[in-house]
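Residues 1 to 121 in the working numbering are what the sequence shown lists, from first letter to last.
Built from N, CA and C at the ideal position, the CB exists for glycine as well.
Just so we're clear, the structure is a prediction, and the values are computed from it rather than from any experiment.
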Amino acid sequence: MAAADRENQKEFDRYFAELKAICVENENTPKDHPEQWETLADFTEDLAEAVIGYQKALSKAEAINSKDHMSSIGYSMARLQVELGDTSGAVKSLEAAKISANKIQDNELKAEIQQLLESLR
Numbered sequence: 001m002a003a004a005d006r007e008n009q010k011e012f013d014r015y016f017a018e019l020k021a022i023c024v025e026n027e028n029t030p031k032d033h034p035e036q037w038e039t040l041a042d043f044t045e046d047l048a049e050a051v052i053g054y055q056k057a058l059s060k061a062e063a064i065n066s067k068d069h070m071s072s073i074g075y076s077m078a079r080l081q082v083e084l085g086d087t088s089g090a091v092k093s094l095e096a097a098k099i100s101a102n103k104i105q106d107n108e109l110k111a112e113i114q115q116l117l118e119s120l121r
């Protein structure tokens, strides 16, 4: 994040490559976790590619039934889908995130999901 904040593209690219290598190395091992994939998607500059990354993170979250991750990933993915003009995909992501959010404590995330969903309907 510091490299991104400093707009140091060379350093950002190096750290991004390291994170991607960690994700790939940990995939389908006990170290595999949706948060690492979500973080990778967060820093993916190509929006369409980032959505694919969020989909992968979401499948990892669903596999371990992590409602917190399912909610936050679904919300993040929906925001990008809106930017890409995929309103129906965003609504679908938000509806799933809203269901997952019923089981979490984060009221701010619940409100953000609901607000974005309402703005798209």
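Exercise. Going along the chain, which residues of its own chain have a beta-carbon closer than 7 Å to the beta-carbon of A48, five neighbours each way excluded?
Worked result: Locating residue 48 in the sequence shown gives position 48, counting from the first residue. Within the same chain, A48 has close Cβ partners L84.
Exercise. How about C23: is its Cβ closer than 7 Å to a heavy atom in the ligand MN?
Worked result: In terms of ligand content, the structure shown is empty, and the ligand MN therefore cannot be addressed.
For this session: Quick one: give me the first and last residue of the alpha helix (DSSP H) that R14 is part of.
Result: Position 14 of the sequence shown holds residue 14. 9-26 is the extent of the alpha helix (DSSP H) around R14.
For this session: Determine the closest residue to A63 out of F16, P30, T39, with distance taken between C-alpha atoms.
Result: As a first step, residue 63 is located in the sequence shown; it is residue number 63 there, counting from the start. Nearest C-alpha to A63 among F16, P30, T39: P30.
Problem set entry | Cutoff 8 Å; reference Q114; Cβ partners in own chain excluding five residues on either side | Within the sequence shown, the letter at position 114 stands for residue 114. K98, listed in sequence order.
Problem set entry | Residues near G89 in its chain [Cβ-Cβ closer than 6 Å; skip 5 each side] | Translated into positions along the sequence shown, residue 89 becomes position 89. Cβ neighbours of G89 within its own chain (closer than 6 Å, five residues either side excluded): Q81.
Problem set entry | Proximity below 8 Å, CB of A61 to CB of M70 | On the sequence shown, position 61 is the one that residue 61 refers to. On the sequence shown, position 70 is the one that residue 70 refers to. At the C-beta level, A61 and M70 come within 8 Å of one another.
Exercise. Buried or exposed: E25, going by 16 or more other Cβ atoms within 10 Å of its Cβ?
Worked result: Sequence index remark: in the sequence shown, residue 25 carries index 25 (1-based). Burial call: exposed.
For this session: Helix, strand or coil for G85, going by three-state DSSP, please let me know.
Result: Here residue 85 corresponds to residue number 85 of the sequence shown, with the count starting at 1. Coil, per DSSP.
Exercise. Between Y54 and A101, what straight-line distance do the alpha-carbon atoms span, to the nearest angstrom?
Worked result: As a working note, residue 54 is residue 54 in the sequence shown. As a working note, residue 101 is residue 101 in the sequence shown. Going by the C-alpha atoms only, they are around 17 Å apart.
Exercise. Y75 and E108: beta carbons closer than 8 Å?
Worked result: Indexing the sequence shown from 1 puts residue 75 at position 75. Indexing the sequence shown from 1 puts residue 108 at position 108. Their beta carbons are not under 8 Å apart, which means Y75 does not touch E108 by this criterion.
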